[in-house]
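Mature numbering (1 follows the signal peptide of the UniProt record, and there is no 0) puts the sequence shown at residues -19 to -1, 1 to 351.
Ideal Cβ placement from N, Cα and C applies to all residues, glycine included.
Quick caveat: nothing in here was measured; it's all calculated off a predicted structure.
Below is one structure, written out as structure tokens; the observations come after it.
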Amino acid sequence: MKRTLLALALVGFGWSAHAQTLVKIGHAGPLTGPISHIGKDGENGARLAIEDANAKGITIGGRKAQFELVGEDDQADPRVATTVAQRLTDAGVKGVVGHVTSGASIPASRIYEQAGIPVITPSSTNPKLTLQGYEVTFRVIANDLQQGAAMARHAAQNLQVGKVAIIDDRTAYGQGLADAFADSLKQRGVQIVGREFTTDKATDFTAILTKIKGRQPDALFFGGMDAQAAPMLRQMKQLGIGARFLGGDGACTSEMIKLAGDAMSADTYCTQAGIPMAKMPGGAQFNERFKARFKTDVQLYAPYSYDATMALIEAMKTAGSAEPEKYLPALRKLNMQGITGTIAFDRNGDIRDGGVTMYRFSNGKWEALN
């Protein structure tokens, strides 16, 4: 009788052999607008990680954990991003994967720092993000300094260009990448014959391109996303600008190929933070599972989003707690084999061994050059 009463009492207090700890993990990125395909790609990567973790029956501090993904749409807008960050912290998330764009990540990072909630971006590459001195900000992908230097080296050494025009979309990502590229070009003695800017909402670049055409650049570099890069490339061809087209990872997508159509050529190049899917330790299997689960190809950042989510979960397991202040030290010391490679952070929160890959459009797809 006493045992029965004790068992009932334990159940009454929510303690039972089947008790679970609900752990909410947030994801923030653009789910509407011109780059929603990239935001959804990242969210799906995080969702797959959550599903895998729940299937494994992970325990934290001796209790089975049930992970739940809380997704938010920041529209790739800095102002919306801060609202989304506050909404996620109010929802009680224990960690956040995101934001997707640097323009959203940088202002949102202050909210997470104040709340003490770890945030890992799978894709925001502006170096400023991890140079703010924040304790809870991490990145699982190479930054723009590495990308800009890689493209400048390729342009100068392999393409042997002498004159380059640069356009950026004035976002934290686009301008940061363009600045890194320009600085590296100058160090290599390559002449910059034009530095123009647009916005991340523009679709008509005729005026800018006409101005650039008169300067006869050997190459044109665009710092921005595929939603602008594709129409820009089409308009270059319409205006008869024969310069090579160079871009960063924002333009290094399958959507870029689809949107640009027959304007794509062997003179189109891009860099991508990270390594090709085929060379990732778990890339081939991840790609198959992702396509089977979501009925679509990986766009860009899904594997990094998966690794960012698993990094949060692994740190919680190691610390025996899902409370941010308790697992944050374990996250800083993390050394985990992920889909994309080894996940380990330096003192700023940057990935220790972030690679950069150069791509060229060939045979209807992006083909890695290194």
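Integer-rounded CB distance, given that residue 57 should sit under 8 Å from residue 368 = Residue 368 is absent from the model: the chain starts at -19 and stops at 351.
Which of helix, strand or coil does DSSP assign to residue 348?
-> strand
Three-state secondary structure (DSSP) at residue 215?
-> helix
Classify residue 8 as helix, strand or coil using the three-state DSSP reduction.
-> strand
Is the beta carbon of residue 31 sitting closer than 9 Å to the one on residue 50?
-> yes
Could you tell me whether the stretch 60 to 76 touches the stretch 40 to 47, where touching means 3 or more Cβ pairs closer than 8 Å?
-> no
For residue 338, does the three-state DSSP call read helix, strand or coil?
-> In the three-state scheme derived from DSSP, where H, G and I count as helix and E and B as strand, residue 338 is classed as strand.
Is it a yes or a no for the stretch 176 to 191 touching the stretch 233 to 242, going by three-plus beta-carbon pairs under 8 Å?
-> Using a Cβ-Cβ distance cut-off of 8 Å, the stretch 176 to 191 and the stretch 233 to 242 are not in contact, since fewer than three pairs of beta carbons, one from each stretch, lie closer than that value.
Please name the residue in 274, 149 and 319 whose C-alpha comes closest to that of residue 290.
-> 319
C-alpha gap between residue 246 and residue 343, whole angstroms = 7 Å
Mapping DSSP to helix, strand and coil, what is residue 267?
-> Helix at residue 267.
Where residue 273 and residue 201 are concerned, what is the direct C-alpha to C-alpha distance, given to the nearest angstrom?
-> 38 Å
Uninterrupted beta strand (DSSP E) stretches inside the stretch 134 to 160 (no shorter than 3 residues) = 144 to 149
Below 8 Å, can you find three or more Cβ-Cβ pairs linking the stretch 63 to 77 to the stretch 248 to 257?
-> no
Where residue 92 falls: helix, strand or coil (DSSP) | helix
Do you know whose CA, among 162, 151, 226 and 76, lies nearest residue 211's CA?
-> When the alpha-carbon of residue 211 is set against those of 162, 151, 226 and 76, the nearest one is in 226.
Identity of the residues DSSP links to residue 200 by a beta bridge | 145 and 225
Can you check whether the CB of residue 195 is closer than 9 Å to the CB of residue 171?
-> Going by C-beta atoms, residue 171 is not nearer than 9 Å to residue 195.
Buried or exposed: where does residue 138 fall if 16 or more other Cβ atoms within 10 Å of its Cβ makes it buried?
-> exposed
Might you give, ordered along the chain, the residues of its own chain that have their beta carbon closer than 7 Å to the beta carbon of residue 336, omitting 5 neighbours on each side?
-> 123, 255 and 256
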